[in-house]
Each structure stands twice: as structure tokens, then as C-alpha cells.
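These notes concern the structure reproduced below.
In this note's numbering, the protein residues as written are 425 to 627.
Here it is as C-alpha cells:
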């Protein structure tokens with residue numbers, strides 16, 4: 425299943441989890457039932473789940489059967505009543521999901537799509553989307569992923585090596601502000617703009 429939250433699980437994955445929990449509980453509740461009677465079905469379920477996941481990964485058609493397909497609930501600000509009825513999804517649920525996406529007005533929505541995992545994806549009309557620098561022909565430099573260098577006084581040498589920087593460089597940056605010991609530093613990193621940021625420990 426990988427790293428997923430409950431809300432991101434496919435229906436069959438949730439069923440497998442519930443069944444595994446039930447099978448694991450049976451031998452513990454009844455000591456007359458051998459433990460192996462609970463373990464074997466669990467392994468079979470896990471193997472089945474892995475097989476279904478692999479099949480859905482490799483086949484678009486199988487993925488549609490196993491996981492379902494996304495459903496359009498709003499199209500050009502029009503609520504798709506038939507689709508709501510088919511999914512047993514009421515308008516109050518739809519409005520709640522829109523509010524969670526910071527969308528107050530259906531008239532601003534180009535498309536609202538219910539994904540197979542149960543999340544609602546919202547695409548706003550172009551005139552209602554937040555202004556982007558490219559809309560104003562403003563160039564912005566690409567952002568970098570922040571790199572953590574120190575946590576709780578411990579230097580993360582692996583990250584320094586990744587960005588071809590040395591302990592001497594890190595020590596020099598801290599000494600500029602009179603910090604002579606890494607242990608004085610609570611947190612330090614190179615932020616998304618490539619700038620050095622740190623915070624010292626409280627006294």
C-alpha cells in the first residue's frame with residue numbers, strides 16, 4: 425500500500441486492512457484456535473493486495489475496474505446532478521469540500537473532480553485563479569529544496585556533502601555572528617533561495 429493516509433486508500437485496500445485486523449484478533453480472542461490459522465489468511469490477503477496493486481499499476485483498464493475512475497461533479501460552474509446522484513454525494517458535502525479548498529462560490533469553479541481516493545480536486549476558472557508572476561511577465565529564479573545542516577547541535581554531514589560544502593564553510597558562516605560551537609545551534613539550513621538560516625538555542 426505504501427505510505428498513505430486512510431483518506432488516500434482505495435476501497436479494496438481499506439477492506440484488506442479491516443480483514444487483517446479481524447483475522448489477527450481471532451486467535452487472541454480464542455486460545456483454542458492455533459495462531460497459524462490466523463497467520464496464513466493474513467499472508468494470503470497481503471499477497472492478494474500486492475498482486476492487485478501491481479496489476480493496477482501496469483494496466484490502465486484494470487486500474488479502472490479495481491480503483492474506479494475520477495468523477496466530474498462540477499463542470500463550468502454547473503453541478504452535475506446525475507453524477508452526484510450516482511455517487512450518493514449530496515450538495516452539502518460538495519459545498520463543504522469546496523470550502524476546505526478555500527472556494528466560496530461555485531461560479532468560480534471550472535471543474536471539481538472527485539478522485540478515486542475520495543479527495544475533491546478543484547480547478548478554478550482562469551479569471552479566479554491567484555495571480556502568478558508569469559501572468560505579469562515577471563521572472564523569478566527557480567527555488568531549491570531546503571537543506572537541513574544542523575539539528576539540535578548535530579551537524580548533518582551527509583547533507584553538506586550533497587551540496588559540496590565543508591564543515592569549515594559551515595563553521596565560518598556561524599563565526600560571522602560570533603558562534604564558535606555547533607552545539608549552540610538549534611537549527612540551521614540552506615533555505616529555498618540558497619540563503620543560510622540558523623537559530624541558536626535558548627539560554
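Even for Gly, the Cβ is constructed at its ideal location relative to N, Cα and C.
Worksheet item: Among 476, 611 and 561, which one has its Cα closest to the Cα of residue 439?
Response: 476
Worksheet item: By a C-beta neighbour count over all protein chains shown, 10 Å radius and 16 as the cutoff for buried, is residue 442 buried or exposed?
Response: exposed
Worksheet item: Can we say the region 539-547 touches the region 519-531, given the rule of at least three CB pairs closer than 8 Å?
Response: yes
Discussion item. Under DSSP, the alpha helix (DSSP H) around residue 515 begins and ends at which residues?
Written reply: 515-524
Worksheet item: In terms of residues, what are the limits of the alpha helix (DSSP H) holding residue 475?
Response: 460-482
Fill in: residue 595, enclosing alpha helix (DSSP H) - first and last residue
591-599
Fill in: residue 482 versus residue 472: straight-line alpha-carbon distance, rounded
15 Å
Discussion item. Tell me which residue opens and which closes the alpha helix (DSSP H) that residue 584 is part of.
Written reply: 581-586
Fill in: Same chain only: Cβ atoms within 8 Å of residue 461, ignoring 5 sequence neighbours per side
450 and 451
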